[in-house]
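Below is one structure, written out as structure tokens; the observations come after it.
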Amino acid sequence: METINILGYNISNGGLLADADTAWRMILSGVPGRYMACANPHSIVTARVDPDFRLALKSADLLLPDGSGILVAARGLGLPMQERVAGFEFFGEIARRAQAQGGQSFFFLGSTPLVLERLTARLARDFPAIRVAGSCSPPFRDSFTEAENAEMCRQINESGASVLWVGMTAPKQEKWLRANCHRLQPAFSGAIGAVFDFYAGTSKRAPQWVRNLGLEWLPRLLRNPRRLWQRNFVSSPLFLSMVMRERLRLRAN
Numbered sequence: 008m009e010t011i012n013i014l015g016y017n018i019s020n021g022g023l024l025a026d027a028d029t030a031w032r033m034i035l036s037g038v039p040g041r042y043m044a045c046a047n048p049h050s051i052v053t054a055r056v057d058p059d060f061r062l063a064l065k066s067a068d069l070l071l072p073d074g075s076g077i078l079v080a081a082r083g084l085g086l087p088m089q090e091r092v093a094g095f096e097f098f099g100e101i102a103r104r105a106q107a108q109g110g111q112s113f114f115f116l117g118s119t120p121l122v123l124e125r126l127t128a129r130l131a132r133d134f135p136a137i138r139v140a141g142s143c144s145p146p147f148r149d150s151f152t153e154a155e156n157a158e159m160c161r162q163i164n165e166s167g168a169s170v171l172w173v174g175m176t177a178p179k180q181e182k183w184l185r186a187n188c189h190r191l192q193p194a195f196s197g198a199i200g201a202v203f204d205f206y207a208g209t210s211k212r213a214p215q216w217v218r219n220l221g222l223e224w225l226p227r228l229l230r231n232p233r234r235l236w237q238r239n240f241v242s243s244p245l246f247l248s249m250v251m252r253e254r255l256r257l258r259a260n
């Protein structure tokens, strides 16, 4: 798997199809406990002051360049980044492969019962060969008790799912996967956050032309400014300053 190092994180540089190839090999191997996470400016800034989140990102078996800011950073550091790989497109590509090659079994962990119901119904229409082995809507808290974690892992493992999708938002989902991957039986897990809502239709993605311009964040900010203002007006400038300092450091050396 080809990666490039941005601010200490080994981010995949293969592009969507190569990243899906990597994940698919993990799925077919049957070896449990490997997981994918997404890197974007907000996650990297947040990880500066959250050691558990930082470890979760760095420990991921596949770290996707999910965010136009990652491409900007790569260009600023003189690194050849192939393309952005958003969680939504990655999920869709894995689902298409599962459909084309006889199906796999998915388990969905996170979000609300309504979202899980709609997501499952759409998946059955779009990819009927995929079996939804189960789903679980955990409590909406920053952390869970050991008993709750054990129960979630039990449900996932007993379902027989080969792929686990986690949509509990960052950084909770990545930290949960890092803390529990050693006792999970699915061969591959993906932390995909808002993809649950997008695929279920409870939240709309920006139009394709907006995404092509690297502005997918803008409609989400306009719809939910109280929740996302920090991500865009605090984390993004901090991330750019981190990239500029790294560029100056590299030039000095």
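In my numbering, the protein residues as written are 8 to 260. Beta carbons are placed, not taken as given, at the ideal position from N, Cα and C, and that holds for glycine.
Tell me C143's beta-bridge partners as DSSP assigns them. L116
How is the beta strand (DSSP E) around T152 delimited, first residue to last? Run containing T152: none; DSSP gives neither H nor E here.
For R32, name the three-state secondary structure that DSSP assigns. helix
Using 8 Å for Cβ pairs, my map puts I137 next to G110. What's the rounded Cβ distance? 5 Å
Pairing CB atoms from the stretch 116 to 133 with CB atoms from the stretch 59 to 74, are three or more of them under 8 Å? no
Three Cβ pairs or more, each shorter than 8 Å: is that satisfied between the stretch 66 to 77 and the stretch 87 to 103? yes
Could you have a look at G200 and say whether DSSP puts it in helix, strand or coil? coil
Let me know if E181 comes out buried or exposed under the rule of 16 or more other beta-carbons within 10 Å of its beta-carbon. buried
In or out: P193 buried (at least 16 other Cβ within 10 Å) or exposed? buried
Limits of the beta strand (DSSP E) - the one that R41 falls within: R41 to A46
Candidates E253, L184, T176 and Q108, of which the one nearest H267 by Cα: In the structure displayed, the chain extends from 8 to 260; residue 267 sits before or after that span and is not available.
Give me, in chain order, the residues of the same chain whose beta-carbon lies closer than 6 Å to that of F114; leave out the 5 immediate sequence neighbours on both sides. A140, G141, I163, S166, A168 and L171
Put I13 into one of helix, strand or coil per three-state DSSP. strand
Residues bridged to V170 [DSSP beta-bridge criterion]: F113 and F195
Alpha-carbon spacing of R82 relative to A46, whole angstroms: 16 Å
Between G15, I13, D68 and A54, which has its C-alpha nearest T29's C-alpha? D68
If you compare alpha carbons, which of I101, A105, M249 and A198 is closest to D26? I101
Helix or strand or just coil, what does DSSP make of I137? coil
Can you list, in chain order, the residues of its chain with a C-beta nearer than 6 Å to that of A80? Leave out the 5 residues immediately preceding and following it. I13 and V250
Taking DSSP's pairing of strands, which residues face S19 in a bridge? T10
Would you list the residues sitting across from P244 in a DSSP beta bridge? Answer is none; P244 lacks a bridge partner.
Per-residue DSSP class, three states only, for P72: strand
Out of curiosity, what's the CA-to-CA distance linking S196 and N156? 16 Å
Let me know if P178 comes out buried or exposed under the rule of 16 or more other beta-carbons within 10 Å of its beta-carbon. buried
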